[in-house]
Amino acid sequence: MNTFPKDFLWGGALAAHQFEGGWDQDGKGPSVIDVVTVGGPKKARRITDTIDPEEFYPNHEAIDFYNRYKEDVQLFAEMGLKALRTSIAWSRIFPKGDEMEPNEAGLKFYDDLFDELLANGIEPVITLTHFEMPLHLAREYGGFRNREVVDHFVRFAETVLERYKDKVTYWMTFNEINNQMDYNNDLFLWTNSGLVAKEGENRKELMYTAGHHELIASALAVSKGKEINPNFQIGAMVSHVPVYPLTANPADVMLAEEYMRLRYFFPDVHVRGEYPSYTLKEFEREGLNIPILEGDKEILENGKVDYLGFSYYMSTAVDSTKDTSNLGESAVHGSLAHDIENPYIKSSDWGWGIDPVGLRYTLNRLWDRYQIPLFIVENGFGAVDTIEEDGSIHDDERISYMREHIKEMEKAVNYDGVELMGYTPWGVIDIVSFTTGEMKKRYGMIHVDRDNEGKGTMERSKKDSFKWFKQVIESNGAEL
Ligand code: BG6
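Count along the sequence shown from 1, add 1, and you get the number used in the working numbering.
As structure tokens, then:
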């Protein structure tokens, strides 16, 4: 089998709030995720007003990486990771978000972590913020509905870009910024942008307002970053779930095309530095009033990203003849009307359609559309692990999921000619699930002894996939 480019970034991906724990250690302030309770497959996570001692908040302790990072980095090094994608917890650096001076203890934690990674030959790939902003900015300012929050974000971004300028080269601004296109989902509005929709408020207008502010914040961070270190590679990060037409019926094809705009709007602006015409028409058609100020055009134009990072877990399909918009919780994925089960693919226990070919399709569509380097910064299989009596975990399904996706990725690189920077599978060590808050939905190649109720020893152990992925990295993708 063909291998990958020599400097291909094989790694793992994580997010501060899902694995660090230490939610109030060393001066860290609460973030929006710290008031989100545990949920389950049929039980939505709830957002509480304050931290209620009667509730269980799984992200507070997570897997306690904050206090165990040296031990965990040793495991990452043993696995042979060349890169680790993680994020900076904004409220470790600015506990409330609107302070003028950062929290030195928070900055020091990431200095120590990045030093530890670099000493072990692991390149840090850093997302500025991954689904968390200081709670104070959400509660007191209304999150990104308020343009003032842009200034607070930019101060945070500048602080960390400057501080780590000699330690980090690869950055991303907002994690899965396009998740909130599903604006009927309260959790997404809250974690993406610190938003609580008011009674009767036009949620779409609200989402685009916050989204515009984030696009401005991202562009300003890119421009500042380039001034700080011209060698920085600063990317965007989006979730990419291709929408297929169920049939060759032109109505299905066109419907799928329109739904794809939900995926493309944010990356279109990040990469092209301007609003796409289909969105401007939508604003006009629906009378959406988005506060685009004079000068914003230039900011966006000057803050285009260098590469596009994206997550890929699944694909979905639409049938123009079926209206599934009223299914509520039993809808296949989120709130897309006409969304249906794709009869050609199987799904995980959490209903995520397993579609390796969709990854090659995605790589090609994104490459054709943008012509900038791509980076798969999340991919993986969330599943329940069975622990054998001797403690071993034979996670063959996870291995097979990743193997099939890497095969398609290889075709995209060597056959199709897509420029791909790396592959950092999600949750390289078991962490708290974002959507459900469970520990049971595991992606890791390293197991963590912790359950949905927060019980367990936190002990780490290697799954079969650990050895398998090590060999994949050592052979640069030749031995799958
Ligand atoms: C992506 C997020 O949406 O998917 C991660 O960037 C998240 O934060 C991942 O954890 C997997 O989702 P889940 O709900 O299975 O953890």
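We treat Cβ as the ideally placed atom computed from N, Cα and C, and that holds for glycine. As the structure is a prediction and not an experimental result, all values here were calculated from the model.
> In its own chain, which residues sit with a C-beta less than 7 Å from the C-beta of Phe-9, not counting the 5 before and 5 after it?
Replying inline: Counting only Cβ-Cβ distances below 7 Å, and skipping sequence neighbours, we find Gly-423, Asn-477.
> Should Met-446 be labelled buried (16 or more other beta-carbon atoms within 10 Å of its own) or exposed?
Replying inline: buried
>> If you measure between the beta carbons of Gly-23 and Tyr-67, is that distance less than 8 Å?
In response: yes
>> Using the three-state DSSP reduction, which class does Met-422 fall into: helix, strand or coil?
In response: strand
> Does DSSP put Ser-321 in a helix, a strand or coil?
Replying inline: Three-state result, Ser-321: coil.
> If you check the beta carbons only, do Ala-17 and Ile-89 fall under 8 Å apart?
Replying inline: yes
>> Below 7 Å, is the gap between the Cβ of Gln-181 and the nearest heavy atom of the ligand BG6?
In response: No - the ligand BG6 has no heavy atom lying nearer than 7 Å to the Cβ of Gln-181.
> Can you tell me the Cα-Cα spacing of Phe-77 and Ile-430, whole angstroms?
Replying inline: 9 Å
> From Gly-122, Asn-343, Phe-154, pick the residue whose C-alpha is nearest to that of His-131; which is it?
Replying inline: Phe-154
> With a cut-off of 8 Å, do at least 3 Cβ pairs link the stretch 311 to 324 to the stretch 223 to 230?
Replying inline: no
> In chain order, which alpha helix (DSSP H) runs of at least 4 residues are fully inside the stretch 394 to 474?
Replying inline: 397 to 415
> Leaving out the 5 sequence neighbours to the left and right, which residues in its chain are closer than 7 Å to Lys-135 when beta-carbon positions are compared?
Replying inline: Checking the sequence shown, residue 135 turns out to be Pro, not Lys. Counting only Cβ-Cβ distances below 7 Å, and skipping sequence neighbours, we find Gly-30, Ser-32, Trp-91, Ser-92, Phe-95, Pro-96, Lys-97, Gly-98.
>> For the beta strand (DSSP E) containing Thr-174, name the first residue and the last one.
In response: 171 to 175
>> At the level of alpha carbons, what is the spacing between Ile-474 and Lys-298?
In response: 42 Å
> What's the call for Met-388, buried or exposed, on a 16-neighbour Cβ count within 10 Å?
Replying inline: Note on identity: in this sequence residue 388 is Ile, with Met being the wrong assignment. If you draw a 10 Å sphere on the C-beta of Ile-388, you find fewer than 16 other C-beta atoms in it, and that means exposed.
> How long is the line joining the alpha carbons of Ile-400 and Lys-83, rounded to whole angstroms?
Replying inline: Inter-residue distance for Ile-400 and Lys-83 is about 19 Å (C-alpha atoms, whole angstroms).
>> Using 8 Å as the threshold, is the C-beta distance between Thr-38 and Glu-62 below it?
In response: By the CB criterion at 8 Å, Thr-38 and Glu-62 fall outside the cutoff.
> If we count the other Cβ atoms within 10 Å of its Cβ and call it buried at 16 or more, is Gln-19 buried or exposed?
Replying inline: With a 10 Å radius around the Cβ and a threshold of 16 neighbouring Cβ atoms, Gln-19 comes out buried.
>> Threshold first: 3 residues or longer. Then list the beta strand (DSSP E) segments lying entirely within the stretch 131 to 198, N to C.
In response: The stretch 131 to 198 contains these whole beta strand (DSSP E) runs: 171 to 175.
> Is it right to say Val-161 is buried, meaning 16 or more other beta carbons lie within 10 angstroms of its own, or is it exposed?
Replying inline: buried
> Exposed or buried, what is Ser-219 when buried is set at 16 or more other beta-carbons lying within 10 Å of its beta-carbon?
Replying inline: buried
> Terminal residues of the continuous beta strand (DSSP E) containing Gly-236?
Replying inline: 234 to 240
> Helix, strand or coil: which one does DSSP assign to Ser-32?
Replying inline: strand
>> Quick check on Val-244: does DSSP put it in helix, strand or coil?
In response: Three-state result, Val-244: strand.
> If you check the beta carbons only, do Ile-373 and Tyr-402 fall under 8 Å apart?
Replying inline: no
>> Quick check: does the Cβ of Phe-435 come within less than 7 Å of any heavy atom belonging to the ligand BG6?
In response: yes
> What are the start and end residues of each continuous alpha helix (DSSP H) run of 4 or more residues lying completely inside the stretch 41 to 85, in chain order?
Replying inline: 66 to 80
> Skipping 5 residues on each side, what residues in its chain have a beta carbon closer than 7 Å to that of Ala-332?
Replying inline: Because the pLDDT of Ala-332 is 46, which lies under 50, any placement of that residue in the model is unreliable, and the number read from its coordinates should be weighed accordingly. The residues are Thr-325, Asp-340.
>> Output needed for Gly-195: all residues of its chain with C-beta closer than 7 Å, excluding positions within five of it in sequence on either side, in chain order.
In response: Val-33, Met-134, Leu-138, Ala-139, Gly-144, Phe-145
> Leaving out the 5 sequence neighbours to the left and right, which residues in its chain are closer than 8 Å to Lys-323 when beta-carbon positions are compared?
Replying inline: His-339, Ile-341
> Cβ of Glu-420 within 8 Å of Cβ of Leu-375?
Replying inline: Result yes, Cβ atoms of Glu-420 and Leu-375 sit closer than 8 Å.
> Which residues bound the beta strand (DSSP E) around Tyr-345?
Replying inline: Run containing Tyr-345: none; DSSP gives neither H nor E here.
> Measuring from the CB of Lys-305, is there a heavy atom of the ligand BG6 at a distance below 7 Å?
Replying inline: no
>> By the three-class DSSP mapping on this structure, what secondary structure does Glu-215 have?
In response: Looking at Glu-215 - three-state DSSP - the assignment turns out to be helix.
> Cβ of Ala-90 within 7 Å of any heavy atom in the ligand BG6?
Replying inline: no
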